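Chemist: Chains as they are written, first to last, in the numbering used here: chain A, 937 to 1194; chain B, 42 to 705; chain C, 196 to 442.
Below is a structure I'd like to ask you about.
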Amino acid sequence: MSEPVSDKGLHTRDLTVRYGGLVANDSVTIDVEPGKVVGLIGPNGAGKTTFVDAVTGFTACEGEILLDGTRIDALPPHERRTAGLSRTWQSGELFGNLSVAENLLVAARAGGWRTLVRDIFVPRRKKSDDVVARALDVVGLGDVADTLARDLSLGQQKLVGVARALAGGAEVLLLDEPAAGLDSMESQSFAGRIRSIADSGPGVLLIDHDMSLVLGVCDTVTVLEFGKQIFTGTPAEARTDPTVVAAYLGAPVEATHA
Amino acid sequence: MGTILQFVVLGLGLGAIYIGLGTGLLLVHRATGIINFAQGAMAMWGAFVFAQLRLDGTLVFPIGSIELERRPPVAVAALIGLATAFLLGLLVHYVIFRPVRHAPVLAQVVVSVAVMITLQALVVLRFGPNNIDVDSLIPEDSFTLLGADIPTRELVMAAIMVLLAAAVWAYLRFTRAGVATRAASENERAAVLMGFSPDRLAAVAQVVAIMLGTVAVMLGSSLTGLNADNYTLLVVPALAVLLVARMESIAIVVVAALLMGAFQSLINLLITKPFWPQWAQSGLDQVVPFAVVMVILFVQGKRLPSRGSLQTVRLPDVSIPKFKPIPAVIMLVVGVAALSFTQGTWRFGVTTSIIVMLLALSYVVLTGYLGQISLAQGAFAGAAGFCLSKVTTNWGIPFPISLILCALVATGLGMLVALPAFRIRGAQLAIVTIAAALAIERFVFNNYTLSPPEGNPIADATLFGLNLGVREGRDLARISFSVMVLVIAAILVWMFIRVASGDTGRAFLAVRANERAAASSGIDVRKTKLIGFAISAFIAGIAGCLIGFSRGQLSAESFSVFAGLQVLAVAYLGGITSVGGAIVAGVLGPLGIVYTLLRGVFDLGEYYALISGLGLIITALLNPVGIAGATREQVAWVKRKLSRSGPPPSTVPEAPAPKEPSRV
Amino acid sequence: MPDTLLETEDLAAGYNGVPAIRGLSLSVGPGEVVALLGPNGAGKTTSLLAMVGLVPLLGGEVRVLGAPLGRRKPHQIARSGVLLVPDDRGIFYGLTVREHLRLAGRKADPEREAQVLDRFPVLRNLDSRRAGLMSGGEQQMLAIAKALLARPKVLIIDEMSLGLAPKIVQEMLPAIRDLAKEDGIGLVLVEQHIELALSIADRGVILNHGRVVLTGAAGDLLRDRHLVEAAYFGADQFADTEGTLAG
């Protein structure tokens, strides 16, 4: 793999995660440059979510994580977020009894002692935000802004998760199975939205099992199997690469059929 | 050396009780995932029945009693005591704990606290508030070792409890049901898939646990006599023991329990030494469990296992409050009217209700919004109250600076308690806070050096020459004092609404809903918790100061652990998630309007604690949003009904219509 | 012996009233092996959980030995002979192998135990080993052994291959198939390793996006591999050929 042309975006170098004796990520090196969509795929249990957890600070890891050329591996999760590294969760993980717009506001406005003082003495009158409206527009959920998050369908919740990740301003988006739970038509239109997010600036790392989505939208694809990086290349190469096909469907077996 | 040995052995008696309670706690936790704060109170009932039978042959039931012709022999009385324990265990499991098995931890903690204060109140009602002295079940004897009298009774007690704990260990290890209990505690779903009913296993565990505790309390009652408060709170050191054992190992429970008992006994020896400072004598043994809990949590922190089970019930809903001028003015007018049309005890009751409303509001901030459990709010209030006594009488600091200063002391204490909340949450946080509350109560409030038994006088407040004192001559509750309380309460509520509806409140709700999602949205979870504890303790501190002003002088009872838990009870009862709930809680709260009514009109004052405990159990089981929340839901329901007659019905939010894919 | 041990008819199931699987009809008879396949999020696990009562039905019916599940609780369904080995393997890390086997049968049944352990001889040497200390393959063998020990009528295995080296899977699956045939157990498998699953199955059902997209005899599916690949890698070419194998 060649060195990246710029150090903008997210770069991991030999990122390794161990759970006891198990190596869940083994020297994973990935570059997510601004405006690019990188697919991270692999069978269940390959270590994809572990990778996102490690990069965003929810799991301890070895190796280097660089965001726009700065090491961020020592920062706690919320500081990585404010530095511009934004993620979604496989299971949505929305704040269920907040409205969709409020979910986004949580990300858009940081709390703290100063916020507390301001809340008491000079509260912000405006309960919405341009940032929020724009983020909701990107995922096409402007019309449910005032609905409680938990009342949405799973697919919509995933999209709110994406909007929430966008709302605080993001240099790099890590999307963990954002399209699981969407039907195939929704999934197709979601692909277009991801492309337009990337075109507007941020780099996107996309984990998904919907192969047509991943192979259709990504610029490059990295395949993990048992924590190891077994392939990195273009979607077209991935489609025909025997190791990739074997990882997904299993290598052809000697017929033992009774 | 001999004396030390003697005290160690004496402490084994206490250790034996901890074995009984600690093993029971462990068993119940493994079988249900619930940490049962009522373990001591539940174990105590059967022992009281036993003791009363031995004392005068009266068989006492929760309602009514039978006078036996003569006192039954020890064995018969003990069997009857154990039989009542058995029935109580079954009742509590099937009626109370089983329904909350899959509820959020908060509801589980609240329910077990409710059982605890209900049983404590019931014991006081049925058996009286005083110590009952009990003949020892074990013959008293002693032998001489190293020149000291070593009692055999404590040794025999410890031996019996060790054997019983070993029996429980063998049950978990060698019987199919016991192995299944362990299996289910690790992976409940997998146990179900093998055909086990976790409910039945839990019932067995619950019954075994209460019987074990009852035996321990029966044996132990001869040491100190039976006392409702003491035995209810013996659960705190037992919880410390449980944490030492990482909620897993019965062997460690046994060892830690005996060590804890011995160590507390040694401390009681230590403080009699001439070199020991007088101010540090009282209640030092109660600081031990707290210290143990803190050390364990800092050493083991996140590695403490919590039992996994599928949560199916969600936390009570929170709606972000809006400041509405008209209801606010109405509330104020109602408040002023209530104060001006009443006098004497009634006005005092209304004033107390307003203060309790503030205490409940401190729970709304911390528990309702931030989702953290604290059983130490009473201690925060008390710290401010005692501080107020020093500040006003010794230093002469004027009002309102004294008020704010003391509330800030409580704030500091609250932020200190927030530190463990960085690493733990849920029931474990409840353990820390109740241990802290008990340690503060015994070591500070009950400490005659720090807080003289004749009371801590608090100087009346004055502002610009206006006397804001509570009493004058025969007037028990002066209007100017009551109005001051109302104004302070109104300011705090108004500030709370601003915080809760602002960015801070939203951050609280985000942390409550999902800590890791909050962190991934850029929220500093630790700082947010710190802020929440600070606000909550500040409000509790103001309330504590107002309680101080309203009494003129403070005694430890005003801020006992039970007083704090009772406020938690009414706060949850009213509705832990809203200002409305806090107001309801104030009305219901101890010494408040409803209490005054019960006492003055129905002469039922002594039943107040029991009624509030039972009310809390029922609320927690049936209606987790509390009275205010339920009312709000009713209003919303009516509004929906009314609006439906106009525009067509909106879609039901629970089940958004799935979009049909075009290709079928 | 009845023809079908377990059947689902037009099953729909999911959480919070939102179906994750719709219109699933399948049946499995004694000694039959049905493979349920499809990419992640297709609704496979939800289907299995619905069959054992752990996810509420939103429509359709599940029948065990001809009788609908009705309001039976999950542990009662398990006792009636439908056992699920979930994707977390459903074993208990703190318990020894012996204790697992103890839990499996209501009464001690040395004959059956010997019979099962003959299939997984590795477990004989691990009698007092805690499950948490065993390798993934050993854990999976334990999970299946304890299920077989209970003499199930239907055995449902979710993602047996998860986290296992392909070699182990290739050894275990045929062994399980043979045992099912011998004992007349109906076997339902959810597998990622499609080739392997189809090579031992009698029939295959392929799900995607919560619906059945392809069913057929396992041999046919293996032969028309491009259809299976289409179901996984892209929907475009698939749309034209749908139904050619269905039914």
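Ideal Cβ placement from N, Cα and C applies to all residues, glycine included.
These figures come from a predicted structure and were not determined experimentally.
Report the neighbours of residue 221 of chain B on chain C: residues whose CB is nearer than 7 Å to its CB, in chain order.
Modeler: Translated into the one-based positions of the second sequence, residue 221 of chain B becomes position 180. Those within 7 Å of residue 221 of chain B in chain C are 298.
Chemist: Going by DSSP in three states, residue 223 of chain C sits in which element: helix, strand or coil?
Modeler: The sequence position of residue 223 of chain C within the third sequence is 28, counting from 1. Three-state DSSP puts residue 223 of chain C in a strand.
Chemist: Can you list, in chain order, the residues of its chain whose CB lies under 8 Å from that of residue 44 of chain B, leaving out five sequence neighbours each side?
Modeler: Stepping through the second sequence from its first residue, residue 44 of chain B is reached at position 3. In chain order, 189 and 310 place their CB closer than 8 Å to the CB of residue 44 of chain B, counting only its own chain and leaving out the 5 sequence neighbours on each side.
Chemist: With a 10 Å radius around its C-beta and 16 neighbouring C-beta atoms as the bar for buried, classify residue 659 of chain B as buried or exposed.
Modeler: Numbered from its first residue, the second sequence carries residue 659 of chain B at position 618. So residue 659 of chain B ends up on the exposed side.
Chemist: Using DSSP's beta-bridge definition, name the partner residues of residue 412 of chain C.
Modeler: For the purposes of this step, residue 412 of chain C is taken as the residue at position 217 of the third sequence. Paired residue(s): C:398.
Chemist: With three or more beta-carbon pairs closer than 8 Å as the criterion, would you say the segment 334–347 of chain C touches the segment 270–290 of chain C?
Modeler: yes
Chemist: What are the start and end residues of the beta strand (DSSP E) that includes residue 588 of chain B?
Modeler: Here residue 588 of chain B refers to the residue found at position 547 when the second sequence is read from its first residue. From DSSP, residue 588 of chain B is part of no beta strand (DSSP E) but of the alpha helix (DSSP H) over 566–592.
Chemist: Please list the terminal residues of the continuous beta strand (DSSP E) segment that includes residue 963 of chain A.
Modeler: Position 27 of the first sequence, counted from the first residue, corresponds to residue 963 of chain A. It spans 958–964 - the beta strand (DSSP E) in which residue 963 of chain A sits, taken as one unbroken run.
Chemist: Looking at the unbroken beta strand (DSSP E) that takes in residue 1001 of chain A, where does it start and where does it end?
Modeler: Here residue 1001 of chain A refers to the residue found at position 65 when the first sequence is read from its first residue. Segment 998–1003, the beta strand (DSSP E) holding residue 1001 of chain A.
Chemist: Would you list, in sequence order, the uninterrupted beta strand (DSSP E) runs of no fewer than 3 residues that lie entirely inside the segment 226–311 of chain C?
Modeler: 228–232, 252–259 and 277–280
Chemist: I'd like to know whether the C-beta atoms of residue 262 of chain B and residue 374 of chain B end up nearer to each other than 7 Å.
Modeler: Within the second sequence, numbered from 1, the residue matching residue 262 of chain B stands at position 221. Within the second sequence, numbered from 1, the residue matching residue 374 of chain B stands at position 333. Not a contact, by the Cβ cut-off of 7 Å.
Chemist: Using DSSP with H/G/I as helix, E/B as strand and the rest coil, what is residue 404 of chain C?
Modeler: The count along the third sequence starts at 1 and reaches residue 404 of chain C at position 209. Reduced to three states, the DSSP call for residue 404 of chain C is coil.
Chemist: If you scan the segment 355–384 of chain C from start to end, which runs of the alpha helix (DSSP H) of 4 or more residues do you find wholly inside it?
Modeler: 361–378
Chemist: Within 8 Å, do at least three Cβ pairs link the segment 205–214 of chain B to the segment 262–278 of chain B?
Modeler: no
Chemist: List the whole-angstrom C-beta distance separating residue 345 of chain C from residue 299 of chain C, where the pair is believed to meet the contact cut-off of C-beta under 8 Å.
Modeler: Locating residue 345 of chain C in the third sequence gives position 150, where the first residue counts as 1. Locating residue 299 of chain C in the third sequence gives position 104, where the first residue counts as 1. About 5 Å; that satisfies the 8 Å criterion.
Chemist: If residue 312 of chain B sits next to residue 322 of chain B, beta carbons under 8 Å apart, how far is it from one beta carbon to the other, in whole angstroms?
Modeler: As a first step, residue 312 of chain B must be located in the second sequence, where it is residue number 271. As a first step, residue 322 of chain B must be located in the second sequence, where it is residue number 281. Their Cβ separation, rounded to whole angstroms, is 4 Å, which keeps residue 312 of chain B and residue 322 of chain B in contact under 8 Å.
Chemist: Can you tell me whether residue 198 of chain C is buried or exposed? The criterion is at least 16 other CB atoms within 10 Å of its CB, across all chains shown.
Modeler: Locating residue 198 of chain C in the third sequence gives position 3, where the first residue counts as 1. Exposed.
Chemist: What does the alpha-carbon distance come out to for the pair residue 618 of chain B and residue 46 of chain B?
Modeler: Within the second sequence, numbered from 1, the residue matching residue 618 of chain B stands at position 577. Within the second sequence, numbered from 1, the residue matching residue 46 of chain B stands at position 5. Cα-Cα distance, rounded: 52 Å.
Chemist: Could you list the residues in the segment 197–221 of chain C with a C-beta less than 8 Å from some C-beta on chain B, going in chain order?
Modeler: 211, 212, 213 and 214
Chemist: Kindly list the residues whose CB is nearer than 6 Å to the CB of residue 315 of chain C, restricted to its own chain and excluding five residues on each side of it in sequence; keep chain order.
Modeler: Here residue 315 of chain C refers to the residue found at position 120 when the third sequence is read from its first residue. 336 and 340, listed in sequence order.
Chemist: Does any residue of chain B have a CB that is nearer than 7 Å to the CB of residue 289 of chain C?
Modeler: Counted from its first residue, the third sequence places residue 289 of chain C at position 94. For residue 289 of chain C, the closest Cβ of chain B is nearer than 7 Å.
Chemist: Put residue 497 of chain B into one of helix, strand or coil per three-state DSSP.
Modeler: Taking the first residue of the second sequence as 1, we reach residue 497 of chain B at position 456. It is a strand residue.
Chemist: For chain A, is any of its Cβ atoms less than 7 Å away from the one on residue 404 of chain C?
Modeler: Counting from 1 along the third sequence, the entry for residue 404 of chain C is found at position 209. Output row for residue 404 of chain C: interface = yes.
Chemist: Could you spell out where the alpha helix (DSSP H) holding residue 947 of chain A opens and where it closes?
Modeler: Taking the first residue of the first sequence as position 1, residue 947 of chain A is located at position 11. Run containing residue 947 of chain A: none in the alpha helix (DSSP H); it sits in the beta strand (DSSP E), 946–955.
Chemist: Give me the residue from C:406, C:415 and C:405 with the minimum Cα distance to residue 399 of chain C.
Modeler: Counting from one through the third sequence, the residue named residue 399 of chain C turns up at place 204. Nearest C-alpha to residue 399 of chain C: C:415.
Chemist: Quick one: which chain B residues come within Cβ less than 8 Å of residue 961 of chain A?
Modeler: Here residue 961 of chain A refers to the residue found at position 25 of the first sequence. By Cβ distance, chain B contributes nothing, its closest Cβ being about 19 Å from residue 961 of chain A, past 8 Å.
Chemist: Kindly list, in the order they appear in chain C, the residues whose Cβ is closer than 7 Å to that of residue 990 of chain A.
Modeler: One-based indexing of the first sequence puts residue 990 of chain A at position 54. Simply none; closest approach about 18 Å.
Chemist: What are the residues in the segment 229–263 of chain C lying within 7 Å of chain A by C-beta distance?
Modeler: Hits within the stretch, in order: 234, 235 and 236.
Chemist: Would residue 226 of chain C count as contacting chain B if we go by Cβ distances under 7 Å?
Modeler: Residue mapping note: residue 226 of chain C aligns to position 31 of the third sequence, counting from 1. For residue 226 of chain C, the answer is no, since every Cβ of chain B falls outside 7 Å of its Cβ.
Chemist: Report yes if the CB atom of residue 72 of chain B is closer than 7 Å to the CB atom of residue 243 of chain B, and no otherwise.
Modeler: What you label residue 72 of chain B is simply residue 31 of the second sequence in a count that begins at 1. What you label residue 243 of chain B is simply residue 202 of the second sequence in a count that begins at 1. The answer is yes: Cβ separation under 7 Å.
Chemist: Can you give, in chain order, each stretch of the beta strand (DSSP E) that sits fully within the segment 1071–1159 of chain A and has at least 3 residues?
Modeler: 1108–1112 and 1139–1143
Chemist: Assuming residue 54 of chain B is part of the alpha helix (DSSP H), what are its boundary residues?
Modeler: Against the second sequence, residue 54 of chain B aligns to sequence position 13. Unbroken alpha helix (DSSP H) run through residue 54 of chain B: 43–73.
Chemist: Using 7 Å as the threshold, is the C-beta distance between residue 154 of chain B and residue 78 of chain B below it?
Modeler: Counted from its first residue, the second sequence places residue 154 of chain B at position 113. Counted from its first residue, the second sequence places residue 78 of chain B at position 37. Yes, Cβ-Cβ distance for residue 154 of chain B and residue 78 of chain B is below 7 Å.
Chemist: Looking only at C-alpha atoms, which of B:295, B:621, B:62 and B:52 sits nearest to residue 372 of chain B?
Modeler: Residue mapping note: residue 372 of chain B aligns to position 331 of the second sequence, counting from 1. Looking at the Cα atoms, B:621 is the closest of the given residues.
Chemist: Residue 1089 of chain A to residue 550 of chain B, Cα distance in whole Å?
Modeler: Locating residue 1089 of chain A in the first sequence gives position 153, where the first residue counts as 1. Locating residue 550 of chain B in the second sequence gives position 509, where the first residue counts as 1. Residue 1089 of chain A and residue 550 of chain B: Cα-Cα distance of roughly 21 Å.
Chemist: Out of B:592, B:557, B:368 and B:83, state which residue places its alpha-carbon closest to the alpha-carbon of residue 423 of chain B.
Modeler: The residue labelled residue 423 of chain B in the question sits at position 382 within the second sequence. Closest option to residue 423 of chain B, Cα to Cα, is B:592.
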